[in-house]
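Residue numbers (the numbering used here), protein chains in the order written: chain A, 1 to 461; chain B, 1001 to 1461.
Ideal Cβ placement from N, Cα and C applies to all residues, glycine included.
Here the structure is laid out as structure tokens; the discussion comes afterwards.
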């Protein structure tokens, strides 16, 4: 074969069948009774890595009850060449027919242009696109110009606890010049998009204590500041009428977008607004009034109430005047807001505005890490852009997204340049019933992944 | 015997043993496996009514699974005489040693001046004080100058569903000129007090709906008005910084206290403040700034949040942006606020202040009835005052209380004058473990109850 693309085309049917084979293994990391399936998937992937010509491949066992990593590498480009690290995850969410599936969740079923199966899009599409790209590259006489490492995680769907510890303890195993996190979505079937920004998080619980025990609201109501009332009075002071967070200093470290970036994001705004109407469907949009939807969810920070509780919340009514009430609060942070520093500003503000008739206590919870912004001009990003344009036939749009991908921050500790490349569609129902892909996404994905390695090779020589 | 008081004194030991007998019957109305005990208590009380000389006594069965009423009457004063209706309840709250009892809950135990047993104060103290007073009166040659009806309820602790229906269907059975509701408390061991005001209630649930389903707060946070946030913003506008309710028209129908009444209530304020410190013990008092504690809880209306719920409230954290949030809201009303009218004002106000970015829905719940204010100059009240002064050796203070006694409103449908006379102490742990009375409360109660009937007789001739 003269090119890896021709090789992939010639092996199209076999590649697809191997993808189906992996889909049939219910590698559910959240359910202990599927531990053997997860292990079987890991070993099958290890064998594949060796079969496609990687130098070595290893199943790395994790602490008892946790799911293994699979690591492979090909060092044939030599010590002076750059190294690309490919990250995917091979575990999947649980799935049962009773959840609303129209087909057997672990029996791949083709209907029209689509393939239905748990894991189809999240994320065995990526695992197999990437591995089949590596196979197509290594099958050539002219080998890749970059070394290749592959890390396949087995517990992305169940907390990713151990991969972070593994990276911290064995940074050399993942050391690379460029990493591609292959997971997630493109904007539309014919329109690729590249995430270059992810928000960071922090979180806390706010407790408001009033009387020493629950009281009868008849006996004492009127003589004590009801903790639910006090809590609402505190929380209602945290946003202003224009949708901005009122915590002093909250925006101090926020890097404002340049006009150029706002113009770039504006291109994706119509698609995001359409998605908002379909997915969110609230009575009206809301948010910081000077920003549009994509900016509000991708480029601007939030202070969000994720839970609130107090008093009697069951059926019927109890006229209780509760001893306490609580709220769960988290932020989505953007560069350069520090998770810890921002939390401290919130704590200070709450203590400042809390009335003396109640006692407040704030407990910091998980820190999901700081926001990430990827350099759109890096070799990794530009290689990804060229690869998408080749694979999809359209130049990708650029997107900042509101979520957080904790593994990105971990990998950025050992790799300078990172790019995130997903091939799925949001309509593919990741995590839900009837998860699916358009079958051509798989072939587009392989071509895109091949092109990416070639582009990095050309740009790092 | 020349007087009923001498009769009571002479039969002191037997009366007390009969009280102990009733205490040993675990007449728990909320637990179906105690139905036979409730029935046994009812029949024993019926027999007692006949034995003490009442004309008739009846155990009135209630719908399946509910607990009987016991009705007795003595019509010996003749058709032209006034009739007094005595109301008490003979059912009790559940009790088990593991709840924290230091003694067997249904084995009366005397320690020092106190008697410990479930039901000791709530409310077999009242049942037996009243019946033994009737016995002492009827044992005299000179019979009472008023006719006497007794109604003993068996499900006061489990909702009082059926007594209200019974009153509506058989008003003639309870028809009387004066009713004494014998339940509750005096202010202190040596200081009787009379409740002349009870607040009314209404209640509602407020739902705030935002996105069409729970969302990932990372993916969409910043672009949608979080329903928890919107709810807190609505609720925080319902009280002002001086503790007043901001709902337009909320106070329109509130009857302001005269200076004389405020002076009367001021006498009880030190004791209420002391109780507040012991029971409520919040960081600071709170409430309408122009009113003191007893006024805030007894004579002023409230708008109270009894429950709040939204998003994720379990252990740990979920960064959910919830589809809805809800609050349970109730009012304590004072004369002449209408429960329905006041609810409508709240509904109108919420709709007025609710932001267009969410949808609100308000569901009215139970109406506990309007506030009650008893005429302090009525024959019933003045007779009660004289009786307390006789029984306790101190003139009673007058009290408006914050709670509601739904049975009071029902009885006021068929009886013109009502007085509430409790003999217990709040330190008697009604509903809690180690429920108790000072033993002398029982004897004071009998004398007070005798005196009350005599006083009514003298004042209604």
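* To do: Would you verify that the beta carbon of residue 268/A is, or is not, closer than 8 Å to some beta carbon of chain B?
  => Answer no: the Cβ-Cβ gap between residue 268/A and chain B never drops below 8 Å.
**Asked** What is the rounded straight-line gap between the Cα of residue 208/A and the Cα of residue 322/A?
**Response** Looking at the backbone, the Cα of residue 208/A and that of residue 322/A are separated by about 10 Å.
First through last residue of the beta strand (DSSP E) which encompasses residue 1185/B
The continuous stretches of beta strand (DSSP E) do not include residue 1185/B, and DSSP gives it neither H nor E.
Problem set entry | Status (buried if at least 16 other CB within 10 Å, exposed otherwise) for residue 413/A | It is exposed - the Cβ of residue 413/A has fewer than 16 other Cβ atoms within 10 Å.
Between which two residues does the alpha helix (DSSP H) carrying residue 1124/B extend?
Looking at the DSSP string, the run of the alpha helix (DSSP H) that includes residue 1124/B is 1124-1138.
- Query: According to the neighbour-count rule (16 or more other Cβ atoms, all chains shown, within 10 Å of its Cβ), is residue 270/A buried or exposed?
  - Reply: Around the beta carbon of residue 270/A, a 10 Å sphere encloses fewer than 16 other beta carbons of the protein chains shown; the residue is thus reported as exposed.
Check residue 457/A in the structure and name its three-state DSSP category. Taken through DSSP and simplified to helix, strand or coil, residue 457/A comes out as helix.
Discussion item. Excluding the 5 residues flanking residue 1105/B on each side, which residues of the same chain have their C-beta closer than 6 Å to its C-beta?
Written reply: Contacts found: 1095 and 1118.
With a threshold of 8 Å between beta carbons, is residue 228/A in contact with chain B? Chain B contact via Cβ: present.
* Asked: Going straight from the alpha carbon of residue 398/A to that of residue 221/A, what length do you get?
  -> Cα-Cα distance, rounded: 55 Å.
* Asked: Counting contacts by CB-CB distance shorter than 8 Å, is residue 1305/B in contact with chain A?
  -> It does: the Cβ of residue 1305/B has a partner Cβ on chain A nearer than 8 Å.
Just list the residues that DSSP pairs residue 399/A with in beta bridges.
Looking at the DSSP output, residue 399/A bridges to 195/A.
- Task: For the beta strand (DSSP E) containing residue 1326/B, list its first residue and its last residue.
- Result: Taken as a continuous stretch (DSSP letters only), the beta strand (DSSP E) holding residue 1326/B covers 1324-1333.
Quiz prompt | residue 40/A and residue 25/A closer than 8 Å at C-beta | solution = Yes. Within cutoff.
Could one say the Cβ of residue 317/A lies closer than 8 Å to chain B's Cβ atoms, at least one of them?
Yes, residue 317/A counts as interfacial toward chain B.
- prompt: On the three-pair Cβ rule with 8 Å, is the segment 1401-1417 of chain B touching the segment 1362-1377 of chain B?
  reply: Cβ pair count under 8 Å is three or more, so yes.
- [ ] Give the DSSP-derived three-state secondary structure of residue 1099/B in the structure shown.
- [x] The answer is helix: DSSP assigns residue 1099/B an H, G or I state.
Would you list, in chain order, the members of the segment 1351-1378 of chain B that have their beta-carbon closer than 7 Å to a beta-carbon of chain A? Listed by position along the chain: 1356, 1357, 1358, 1359, 1365 and 1366.
For residue 169/A, is the classification buried or exposed, using 16 other Cβ atoms within 10 angstroms of its Cβ as the cut-off for buried? In this structure residue 169/A is exposed. Its beta-carbon is surrounded by fewer than 16 other beta-carbon atoms within 10 angstroms.
Does the pairing of the segment 1063-1073 of chain B with the segment 1039-1055 of chain B give three or more beta-carbon distances under 8 Å?
Output reads yes: the segment 1039-1055 of chain B touches the segment 1063-1073 of chain B.
Excluding five sequence neighbours on each side, which residues of the same chain lie with their C-beta closer than 7 Å to the C-beta of residue 1364/B? Spatial neighbours of residue 1364/B in its own chain (CB-CB distance under 7 Å, excluding positions within 5 residues in sequence) are listed in chain order as 1204 and 1343.
Anticipated Cβ contact below 8 Å, residue 453/A with residue 137/A, distance rounded
So it is a contact: roughly 6 Å between Cβ atoms.
| Cβ-Cβ separation, residue 217/A to residue 1292/B (assumed contact under 8 Å), whole Å | The pair is not a contact, with the Cβ atoms about 19 Å apart (cut-off 8 Å).
- Amino acids of chain A, ordered along the chain, whose beta-carbon sits closer than 9 Å to that of residue 1281/B: Simply 211, 212 and 213.
Since residue 112/A contacts residue 38/A with CB under 8 Å, what's their CB separation in whole angstroms? Residue 112/A to residue 38/A, Cβ: 31 Å. No contact.
Exercise for the section: Helix, strand or coil for residue 55/A, going by three-state DSSP, please let me know. Expected result: In the structure shown, residue 55/A adopts coil according to DSSP, grouped into three states.
With distance defined between alpha-carbon atoms, name the residue in 2/A, 92/A, 82/A and 8/A nearest to residue 460/A. Of 2/A, 92/A, 82/A and 8/A, the residue nearest in Cα terms is 82/A.
For this session: Thinking residue 346/A and residue 234/A are a contact (beta carbons under 8 Å), I'd like their distance in whole angstroms, please.
Result: Contact check for residue 346/A and residue 234/A: beta-carbon distance about 11 Å, past the 8 Å limit, so the pair fails to qualify.
- Task: Specify, as a first and last residue, the run of the alpha helix (DSSP H) that residue 1217/B falls within.
- Result: Segment 1217-1220, the alpha helix (DSSP H) holding residue 1217/B.
Next on the checklist: Using a Cβ-Cβ cutoff of 7 Å, what residues of the segment 1235-1246 of chain B are near chain A? List them in chain order.
Outcome noted: For the segment 1235-1246 of chain B, which is checked against every Cβ of chain A, the residues closer than 7 Å are 1235, 1236 and 1239.
Task: Residue burial classification, residue 538/A (beta-carbon count within 10 angstroms, cutoff 16) - done: A query on residue 538/A cannot be resolved here, the shown segment of chain A reaching from 1 to 461 and no further.
Counting beta carbon pairs with one atom in the segment 1419-1437 of chain B and one in the segment 1354-1362 of chain B, are three or more of them shorter than 8 Å? Counting Cβ pairs under 8 Å, fewer than three are found: no touch.
query = If you measure beta-carbon to beta-carbon, which residues of the segment 319-331 of chain A are closer than 7 Å to chain B?
reply = The segment 319-331 of chain A vs chain B, Cβ under 7 Å: 319, 320, 321, 325, 328 and 330.
Just the chain B side, please: which residues come within less than 9 Å of residue 251/A by C-beta, in chain order? The premise fails here: residue 251/A is roughly 13 Å from chain B at the closest Cβ pair, so nothing lies under 9 Å.
_Less than 7 Å between C-beta atoms, sequence neighbours within five positions excluded: which residues of the same chain meet that for residue 1280/B?_
So the list is empty, once near-sequence residues are dropped.
Q) chain B partners of residue 414/A, CB-CB under 7 Å? A) Result: empty, since nearest Cβ-Cβ is about 24 Å, beyond 7 Å.
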